[in-house]
Structure formats: C-alpha cells, structure tokens
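Protein chains: 2
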Amino acid sequence: MPTPAHPARTAPTSRDVARAAGVSQATVSLVLGDKWQGRVSPRTAALVRGAADDLGYRPNQAARSLRLGNTRTALLVVPALTNEFFARVYTGAAATAAEHGFGVVLYPSPDGTGPARDPFASARTALDGVIASSMATHALGALRGTGLPLVMLDSDPTDTHDPADTTGPDADGTDATATHATGRHAAAHVNLAVADGMHQVAHHLLGLGHRRFLHLASAVDTWTFHARARALAETLPPGTTTLHTVHSALDVHSARTALENALTTGTDRPTAVICDDDVLAAGACKALRRLGLRVPDDISVTGFDDLALATAVEPELTTVRLPAEQVGRSGMAALLAVLEGHTPDNTELPVELVTRGSTAAPAKP
Amino acid sequence: MPTPAHPARTAPTSRDVARAAGVSQATVSLVLGDKWQGRVSPRTAALVRGAADDLGYRPNQAARSLRLGNTRTALLVVPALTNEFFARVYTGAAATAAEHGFGVVLYPSPDGTGPARDPFASARTALDGVIASSMATHALGALRGTGLPLVMLDSDPTDTHDPADTTGPDADGTDATATHATGRHAAAHVNLAVADGMHQVAHHLLGLGHRRFLHLASAVDTWTFHARARALAETLPPGTTTLHTVHSALDVHSARTALENALTTGTDRPTAVICDDDVLAAGACKALRRLGLRVPDDISVTGFDDLALATAVEPELTTVRLPAEQVGRSGMAALLAVLEGHTPDNTELPVELVTRGSTAAPAKP
DNA sequence: GCGAAGGGGTTTTACGTATAACTACCGCCG
DNA sequence: CGGCGGTAGTTATACGTAAAACCCCTTCGC
C-alpha cells in the first residue's frame, strides 16, 4: 500500500499548491485567477497549474465568496417544481447561469402554497440576486426590503415597486426609506406575450366558426392570468359572440369538476372551451367525455403552455407554446446584466399557437 | 428625507451588532449561536438580540462556512427535473433539509443526457454531501473519487462501490487508495420496492385472466429497470403465459412508435401491456387507439409511478404509486445521519398498486 | 554612472465568523 | 488574608482566498 503518511485527508488549499510549486500563495492565486499577465513568468505559471491539478486543487468557495463579497449564486423563486413549466424555467436559468459560472438555487413553495417564513433561510448560501415568478405568491412579501437585484417573471411590467403592490405608505418614516430601497434594486421584467397568445387562440377559433366561448380560467390571482382574460375579452367581438368564465385550481380534477358544474347548470352550451393551462384543458376534456360530448366534434378545447401533457392526451391539445426555457435564460441574462451594472430593458418573449386535434369547426346545430 | 449619512449600504456584520449593543463581537457570536449558557448574562443576551434584529443582521454564510468547514448544503443529482418524479423527489429532500437548516442544490442533466464535465463546478457552493439517482448516469462518473458522503437512490443495494461499477483494479497503485476512498464515504441506499410493485401488477393482471403480456420497458440501462424486468419475468408462470419485451425512450412519442412497431410486426397480440412508466403507458394508449384497439376492452395497459399524468389521460391508468417525496425525504435523512457519523441502514420504501380504468379482463376470443 | 522603468515575484492584509484562551471582578471558605 | 471558583465578559486566532502594497534585480535611456 502507498505510504499512509497523512491519514486525515483534507482538501488541498492554495497554500498546499504553493508549497508544491515552490512559490508563494499569492502567486498561486494570481495564476489560477488568470491575472498573471506580466506579473508571473509563463514557466512559473505552468508550474503552478501543474501542481494544482496534481493535487486536485479546487478553490474553497466559502473563502472565495467571503473575500469577493459575492456568491455567484441566484435564487429562483417559483410556485412549485412539479409544474413542468417551472421545471423548464429552472433548466433554462441554470444553463445560462452555468455559462457564466453562476449557480441557481431554488425556492419553490414546499406544499405549493405555504407561507414559508423566510426564503433566504432555506437558501443556505448567500445570494447575489433573485429571479421570481409572479406566481410565487408565497415569497413575494419577503422579497421586498432585501436590497437584492430582482428580476420578475411574467408580472405587470408597469409595476416597478415590484414585490407586492400592497399597502400605501406606512405609518412611521419607513416610507421614504422603502421607496429608496425599491428604487435601488432596479427590477427588470421578463414577460411572455400571453395577450398575443390569447389573440391567436381566439382568432383561430373565430376562424373555425365558433361564437359561444367558455373561458376555463386559473383561480390564481396573478397578472399573467388577468392579462389573458383581458386579451380574450378584447379580441372577441361583442354582440356576435358570448364569453363566460369559470375559475379553477390548476389541477386536472378541479378543472373537471369546475367544467362539469358549469356545463350542467349552464344556459346554452359553448362550442369552445378556452383554458388558461394545458392541465386545465386536460381536465376539461375529461369533463366533456363524462358528459358524453366528443372533442373536437361536439366541442373544441384549447390549452396553454404546450406541456408534455398536451401531446399525451387524446386528442392532442391545440395550445399556445411558451418558450419556458427561454424565460429562464432571459431572466438569468437580465439578472447578470443588472449585476454588471447595466439596467436591462424589459423583454417580452413571443409565443406561438400550435394547432392540434382538440379544435375543429363547430357542429351545425 | 432621512439623513443620508451612510449612502453606501452594506450588510451589517456581527461587529456592527456588537458596537450597537456595546459588547464585543465574540459576545454577539455566543449569544446568536445559543452558546451563552453561563457565559453571558440574560440582560446582555437580550440586548444583543435586540440590536441584531434592529439592524436586520443576518450572519454571512460564506464566513460561517469558512470557519466551520461545512456548508449545510447537499447536492441532489437527478436526470431531469421535467420528470415529475424527480421534481417530487427534490421537493421531499428540500423539505427535510430545511427542517435541519440544510439547503439542497440541484444537478440535473441540462439536456437530459449530456456528459457535463463537472457537477461540482455547477454547484458554486461547496457541498457536505451528495444524493444521487442511479438514473443520473451523466454524473455518476464524476462522483467517484470525491470523498463526499453519498446516498444512492434506487440503485443496486448490493453495490457498495457505488458510482459506476465499471472497470476492475486500475494499472497503477491507485487501486488501494480507490478502495479506501469508496470505503470512506459509507454510501447509503434508499430504494423503492419496485420488484414488489411489478409483482402486484402481474398478479392483478393474472387475476383478471391475462396470459399474453408485452413489457414496454425503459431503454435506460439502470438497476431499477432491470429489477422490474426481473421481477416481472419471475412472477409470470412459465408455460401458461408468454412475455415479450420492447424497449423505448421515456417519452410519449417514442413509446407510441415502439409499441406500434411491436404490434404490427407481432405474432399473436398480447392482451396486456405492462409499462415501466406512466409516460410510456400514455404513449402505449395512443398507439393502441391508433391501431383501432380500445383500452381496456381490447387490451389492458398498466403504468408505473402514478404521476399526475396517470389521471389526466383517458382512461385513467392502473399504475404503481411510488412515494416520490418520501424518497427525497429518506435520502436526505440518510445523508444527515451519515454527516452525524452514523451509518444508516439501507431503506426500501413500499409501493402500492392503484387500480384504475386501463385494466380489465381480456376479451373472449 | 545613475535614476527610472519594469519584470517577477513576496509579504501583508482584509473579508466575517466561531471559539479557544485569557482576564477582571466578586464572594466566600478555610 | 490568600486563594479558589464562578460569572461575565474580552482578546486573539484561524479558516482560505484575492489583491494591494511592497521589494529586489536587471535593463535601459540619457
């Protein structure tokens, strides 16, 4: 066996590398930090590098962060990872982060809606910035007041006071400081063109000949869903079309019962159900089947998001494809820009209608 | 406006708290670390606490980690978060971690399969331990050699050499050290009773009268899928039953084409398709519908995992419910135990057959 | 022949925390 | 009255890194 000289294995430090290379610790730091232009000879630099990966040296991140005052880590605040959309947002954000030597740590709501005292306690590592979905209502409150750079996803772009538009000025003098604080972290916005998406859905259905619509909407009280509802209402010509709205939680079962209730108590049946989400659309399809209606022959259904679910169900869903990974990438890019001192523009990412088997011309009466 | 005495806002340190409370920094550390029993008077302790949250003091995690030599952070290595199962594993792991003041950072394969040089580069923060799914084949190689405590999820429990059972002893003397190294991080295992799950599926179908089976298996070459195949083969009585196997990637489209190919070229049609995953089952249902076969009247289908998808499709899938969150919780608990010096037992979590509409007695010929 | 300019490093310091080691004070017992 | 133990702190140090400040030697311009 090899000499067990040092049985207690501890990670090699830059000083160990220095000793091995016969130079000072400072030199190691310069070389490995690529700051040795004209300060260290190429020979010595090579020597240091050799010693470093002989020893398998990895800089201690804690020490690095302490010295540099930054952590190269961002927090992504989302409602729940089991929602495929947000899993994809994370994937995109993490990819862009990795390209810049950043990491991403998550703060999803544990149970999907809990209050969860402190998002920053769960993120053991300190943070350089935050990317937050407006749907992550469980954490928006705690976000204010932290002077951290903030990027909001799919939230009201006219709202610069960002986290929580609650309450006016407080009683005591904290008002001025609060204004100052929110002013400091120049919040950037990354939004999806959800209004345009709803436009496209509506025009698609109008073009097929539909006139009576039901909007199966998310019960989550968030800008993105308000924007969809508003866009839908504005697109449908009044007088010649009717639009009813039903709200539901974002799961298949809730959607099914919501739609069953709406249709059994309903007046004249809609010919198309427009859903805020593919999950809702899947629930809608189940409800319709239960009621003996065929999709799309008797009634059309549209979704939103283009999740994997959209092509897993039968018939496949006509839906609006959202560039989820791109949301994450753009969000992280905006955050990185803020961290470099720039003030990025708000971005709005395009969406695309995907026509599949769940929509067709309405049956002749 | 309030006096802008200190325009450059920097986070308060323990020294600031000390100054505000009129004590030394060490005292602050003692009080806030709850180590002041008999060392600091209750009056002073209260004073310190008051000053601390007046200033909104939060200990600098980087400094803390540097001093303590640990980060209270674990890495969870999974194939992809868009797989609902692993999103739920994360949720469970993060919940248990939070209860113990730990954080969890993720290392999913960016594109679902990439090689991705270094999992630890992406995790900017240093790590105390690793929890890895055996399906995260992209990272298993890099995991070996890091002396980090390791918990394996759903991998061969008899394999203690854990990451990568590749290669025998190497050429040079690294063999001894390698053995020593793997010996050091006493890998714990958290497994699912997938074999029992397959037993239950098989007995359910046998009980309904099925005799000709097709196993739509995952093409991923991993212990968990081998275990399922083996369990299935062992459960079906030879002679009176037939079992064919088809492999597919883990997405709806691949599953659909795989099954279509199998059934169109096939000999005598199976009466039940047993799938390794709900996603595969959804694909199978689509294939069968395309071939004009009704589920479950003409042919039964079973899934595995009990994802949300299982109740979103029509008919709802008979499947095996896996306690995904519990996998994460148990994995994190095992890791925490290792970090406290214990050597936890391998755990096997029970699974449960959920009978739904995709299975029925086979049609009389 | 001498000051200036660099090349090639080294020494030193700071980051914020946790804790070991030390000090000062007081009451009390022998 | 000297010492001892307990109380209530303080001072000093270490963690590993990055970088500012310094230092010495050689070369070069004039």
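Those protein sequence lines, which keep their order, are chains A and B.
FYI, the numbering for the first sequence is 1 to 365, going by the working numbering.
FYI, the numbering for the second sequence is 1001 to 1365, going by the working numbering.
Even for Gly, the Cβ is constructed at its ideal location relative to N, Cα and C.
Neighbourhood of F1225 of chain B by C-beta distance below 7 Å, restricted to the same chain and skipping five residues each side: A1217, S1218, D1276
Alpha helix (DSSP H) runs contained entirely in the segment 1316-1363 of chain B, provided each spans 4 or more residues: 1324-1339
Same chain, Cβ closer than 6 Å to P1012 of chain B, five either side skipped, listed in chain order: L1055, Y1057
The segment 330-340 of chain A touching the segment 283-293 of chain A, judged by at least three CB pairs closer than 8 Å: no
Chain A within 9 Å of M1077 of chain B, Cβ atoms only: Rather than Met, the amino acid found at residue 1077 of chain B in this sequence is Val. It does not: the Cβ of V1077 of chain B has no partner Cβ on chain A nearer than 9 Å.
Chain B contacts from the segment 307-336 of chain A (Cβ-Cβ distance under 8 Å): A308, L309, T311, A312, V313, E314
C-alpha distance - V252 of chain A paired with T1242 of chain B, whole-angstrom precision: 36 Å
Local Cβ density within 10 Å of S1134 of chain B, reported as buried at 16 or more and exposed below that: buried
Contacts around A1361 of chain B, its chain only, beta-carbon distance under 6 Å, and the 5 residues preceding and following it disregarded: L1208, G1209
Beta-carbon contacts of D1016 of chain B that lie in its chain and below 8 Å, excluding the five residues immediately before and after: L1055, Y1057
Span separating the alpha-carbon of A1311 of chain B from that of L336 of chain A: The question names Ala, but residue 1311 of chain B in the sequence shown is Thr. Approximately 40 Å between the Cα atoms of the pair.
Any 3 or more C-beta pairs closer than 8 Å across the segment 83-98 of chain A and the segment 27-38 of chain A: no
Continuous alpha helix (DSSP H) assignments of at least 4 residues falling wholly in the segment 1256-1311 of chain B: 1278-1290
Under 9 Å between C-beta atoms of G129 of chain A and P157 of chain A: no
Beta-carbon neighbours of L1293 of chain B, restricted to chain A and to distances below 7 Å: In chain order: nothing, as chain A lies at least about 13 Å away.
Close beta carbons around R1356 of chain B, own chain, < 8 Å, minus the five adjacent residues each side: A1310, T1311, P1315, E1316, L1317, T1318, T1319
Counted within 10 angstroms of its Cβ, other Cβ atoms place G22 of chain A as buried (16 or more) or exposed: exposed
Length at least 4, wholly inside the segment 183-209 of chain A: the alpha helix (DSSP H) runs in chain order: 194-208
P350 of chain A classed as buried or exposed, judged by whether at least 16 other C-beta atoms fall within 10 angstroms: exposed
Beta strand (DSSP E) runs contained entirely in the segment 1025-1078 of chain B, provided each spans 3 or more residues: 1073-1078
Under the three-state DSSP convention, the category L153 of chain A falls into: strand
Beta carbon proximity, A18 of chain A to chain B, threshold 9 Å: no
Buried or exposed by the 16-neighbour rule on C-beta atoms within 10 Å, applied to H342 of chain A: exposed
Residues near D298 of chain A by beta carbon distance below 7 Å, same chain, minus five either side: A363
C-beta atoms of T1082 of chain B and E99 of chain A nearer than 9 Å: no
DSSP-derived helix/strand/coil call for R1212 of chain B: strand
Environment of T267 of chain A [buried if 16+ CB atoms lie within 10 Å]: exposed
Span of the alpha helix (DSSP H) around G1092 of chain B: 1084-1099
Where A87 of chain A falls, given that 16 or more other Cβ within 10 Å makes a residue buried: buried
Run of the beta strand (DSSP E) containing G1103 of chain B, from where it starts to where it stops: 1103-1108
Candidates B:V1089, B:A1231, B:R1230, B:L1030, of which the one nearest P1323 of chain B by Cα: B:V1089
Close beta carbons around P296 of chain A, own chain, < 6 Å, minus the five adjacent residues each side: S358, T359, A360
Members of the segment 48-62 of chain A that neighbour chain B once the beta carbon cut-off is set at 7 Å: N60, Q61, A62
Element boundaries [beta strand (DSSP E), containing G220 of chain A]: Reading off the sequence, residue 220 of chain A comes out as Val, not Gly. No beta strand (DSSP E) contains V220 of chain A, which DSSP labels as neither H nor E.
Inter-residue Cα distance where the pair is E260 of chain A and A231 of chain A: 25 Å
Helix, strand or coil at A1227 of chain B according to DSSP, with G and I counted as helix: helix
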